[in-house]
Structure formats: C-alpha cells, structure tokens
Amino acid sequence: MAVTPVQVTGTVLTIRRVDAYHALTVVAPAVADRFRPGHFVTVSTGGPATATLTRRAFAVHDVKPDYGGTVEFVFTVRGAGTSWLAARRARDTLDLVGPLGRPFPLPRDPCRCVLVGSEYGSASLFALADVLQGRGCRIDFVLGAASADRVFGALRARRIGETTTLTTEDGSLGMRGQVADVLAGVIADTRADVVYACGPRDMLRAVTAVAIELDIPAQVSVEEAMACGTGLCMTCVLPVIGDDGVTRMVRACAEGPVFRGERVRFEDVGTIPFDALGAPRGLGGMG
Ligand SMILES: Cc1cc2nc3c(=O)[nH]c(=O)nc-3n(C[C@H](O)[C@H](O)[C@H](O)COP(=O)(O)OP(=O)(O)OC[C@H]3O[C@@H](n4cnc5c(N)ncnc54)[C@H](O)[C@@H]3O)c2cc1C
Ligand code: FES
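Here you go:
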C-alpha cells in the first residue's frame, strides 16, 4: 500500500565508507515511521546555488529507532549529486522526501524466499529479510557485483540467511559470473517459492528469466531514471503488462519500483511498444 510521503530537513548522523560505497544515515523520524522494505527516498543535492535541480533517488537500506528515527541509504558516486552527498559530514542537513514508491509485497504465509542483489541493489534487501523472517519465512541470499569490494552486505547475509551465494564477474569473491548464473541452482536447492531482486535492469531481466523458467514469481525493484520521484513528470515510465493482459506505460516511481518481473517488458524499456495502451498510432510506435 502506498503511504503519504513527507518532505523533511534531516540532520546527517553518520557518513561512512563501506567497501566501494558510502552509507549515509540521516535523522528523519517521519520518514522512518512510514517506511516499508522496498521504499526509496529522494534527496536534494548540491546546496542552495546548485545546478543539480532534480532530486536524486536512493533505496532505503535501513531504518532505526535512534534519535526518534533514522534512515540509512547506501550509494555509489556517479556524478555531481552523489559527489556532493559523499562530501556531507555529521551535523550537515539534508532535504529528503520519502518514503516513496510501493514496497515489496509480502507473502501471507511463511514461505521460502531467495533474495537476489547486485552491487548497491543488495542494500535494500536486508530490511525485507528482517520482515520476511519475522513472518517465519526462510531466507537465502544471492549477492553479486563486478568485484569483491562492490558486493554489498555479504557478512550480514551470511549471518541471517540460511545460505548465501556470492558471485563476482572478476572471480575475486565467490563464484565467477553473475547472480543469474547461479540462481537456478539456488532455487532448486532451497525449493524456493519466490524471488525478490534489486539491481540493474539487465540483472533483473536475467533473474526474471530464471524465475519464469522455474515457474516461480519474481518481485523485482527497478531503477529507472527519475526526475520528480512522485508521479508527476512521467520521466520514469516503462512498459508493464497489467492483470488484464494490456501493456501500459507505468511510472516506476509511483506504480513501482517493485513489479512482478514477468510483467515488465524489459526488452521494450525505453520505447513505447506499438501495442501499449495509448501508444501513438501511425508512427509504428516510438523506438
Ligand atoms: C528508485 C531508485 C533507487 C536508487 N537507489 C540507489 C541506491 O540505493 N544507491 C545508489 O548509489 N544509487 C541509487 N539510485 C541511482 C541514483 O539515483 C543515481 O546514481 C544518482 O541519481 C546519480 O546522481 P549524480 O548527480 O551523482 O549523477 P548524474 O550526474 O545524474 O549522472 C552521472 C552518470 O550516471 C548515470 N546514471 C545516473 N543514474 C543512474 C542509474 N540509476 N543507473 C545507471 N546510471 C545512472 C548518468 O546517466 C550519468 O552518466 C537509485 C535510482 C532510483 C531511480
Ligand atoms: S519520476 Fe516523475 S513520474 Fe516518476
């Protein structure tokens, strides 16, 4: 269920390096109170004189009750916005909106769940794991990245998961390859009922293909480029098949970012498929 997001000015509690990433914790009780696993926040970056006008989106890694409620997210430095964030220090303030998006749907009954994360995408899986375990679910992790220093959360996964399988593309940790390469084996070994996944689009597409092949549902959290993050601008639309079988261009920030993997037309992302509801006629679709 969607919750009403709030805009707050929060004080940075800590910012620390975690391998290749930065983990930033900000005091934001109103966001922490409303948080469900799978939610994201958007942050204003660059200060008052900035040219980085759009907020930057980050999946929430953790919330804690300290100081009335803190929110932590994990990020990699990409450009101006994340460089600015990485330079924040304790007691600086941040303008934050959240929680945003629809969280991961939770099973009604205890079941066996494989949680699959790639790079910083793994960060959003731990709050989910806690809630699933609280419902009596079995948790197995598959975490991967390009190299060992970019695998997020391996120790914590080993602590809380029944099994943890790690992959790196350069073979520096775990099995050489990508998470989808080992997923079928993990699903078979654990007799999993459902896959939850967060990471780059190609990884989600590959994970979904494995889940379809093995006939289990995959709940995937997509990371489409976003401008407003609140459903107004349509920057983040992607083609998703509805319950009625009709493809619609839906907003990842408002209807997502979590979708049933098999409903997302990954191969058509970035286009408006000709058979999508409301697609331009006579142009042969766009792209
Ligand atoms: C729902 C959602 C959740 C996200 N969660 C996280 C998170 O937990 N941790 C994290 O580090 N990042 C996350 N991101 C991505 C994050 O928003 C971008 O890295 C950030 O906006 C980059 O801002 P910037 O100003 O540093 O870089 P920009 O100057 O905006 O971009 C620098 C370069 O990075 C590329 N880039 C920007 N965004 C992305 C992206 N999403 N994927 C691939 N390339 C991109 C741009 O095309 C450009 O080449 C998330 C994005 C979304 C939509
Ligand atoms: S980012 Fe503006 S509608 Fe999704």
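Our numbering numbers the first residue of the sequence shown as 31 and each following residue consecutively. We put the beta carbon where it would ideally sit given N, CA and C, even for glycine.
N-terminal and C-terminal residue of the beta strand (DSSP E) that residue i is part of
i, result
"proline 129", "123 to 130"
"isoleucine 45", "36 to 48"
"threonine 238", "Where threonine 238 is concerned, there is no enclosing beta strand (DSSP E), although the alpha helix (DSSP H) it sits in stretches over 231 to 243."
"proline 269", "267 to 271"
"leucine 196", "193 to 198"
"alanine 248", "248 to 251"
"threonine 277", "277 to 281"
Straight-line Cα distance separating residue j from residue i
i, j, result
"valine 181", "aspartate 273", "35 Å"
"alanine 87", "valine 33", "17 Å"
"glycine 317", "valine 299", "In this prediction, glycine 317 has a pLDDT of 45, which is less than 50 and means its spatial position is unreliable; nothing more can be read from the coordinates."
"threonine 75", "arginine 118", "10 Å"
"isoleucine 345", "arginine 221", "Not covered by the structure: residue 345. The range shown for the chain is 31 to 317."
"glutamate 149", "aspartate 160", "20 Å"
"alanine 50", "aspartate 179", "6 Å"
"alanine 116", "arginine 311", "46 Å"
"aspartate 28", "valine 73", "In the structure displayed, the chain extends from 31 to 317; residue 28 sits before or after that span and is not available."
"glycine 204", "valine 252", "25 Å"
"cysteine 263", "isoleucine 302", "16 Å"
"glutamate 297", "leucine 130", "26 Å"
"tyrosine 226", "valine 144", "6 Å"
"leucine 213", "arginine 293", "20 Å"
Residue i, buried or exposed, once every other Cβ within 10 Å from all chains shown has been counted against 16
i, result
"aspartate 232", "exposed"
"methionine 256", "buried"
"glycine 68", "buried"
"threonine 39", "exposed"
"arginine 66", "buried"
"serine 113", "exposed"
"glycine 151", "buried"
"proline 140", "exposed"
"glycine 308", "exposed"
"leucine 158", "buried"
"leucine 185", "exposed"
Where the alpha helix (DSSP H) containing residue i begins and where it ends
i, result
"leucine 162", "155 to 164"
"valine 288", "Run containing valine 288: none in the alpha helix (DSSP H); it sits in the beta strand (DSSP E), 288 to 290."
"aspartate 139", "Run containing aspartate 139: none; DSSP gives neither H nor E here."
"alanine 60", "59 to 64"
beta-carbon residue i near ligand 3 non-hydrogen atom, thresh 7 Å
i, result
"leucine 83", "No copy of ligand 3 occurs in the structure displayed; its ligands are ligand 1 and ligand 2 alone."
Give me the pocket residues for ligand 1, defined as CB within less than 5 Å of any heavy atom, sorted by chain position. Phe70, Arg86, Ala87, Phe88, Ala89, Phe105, Thr106, Arg108, Gly109, Ala110, Gly111, Thr112, Tyr150, Glu253, Met256, Pro287
Could you tell me which whole alpha helix (DSSP H) segments of length 4 or greater appear in the region 179 to 228? 184 to 190, 209 to 220
Could you name each continuous alpha helix (DSSP H) segment of 4 residues or more that falls completely within the region 79 to 122, going from the start of the chain to the end? 110 to 116
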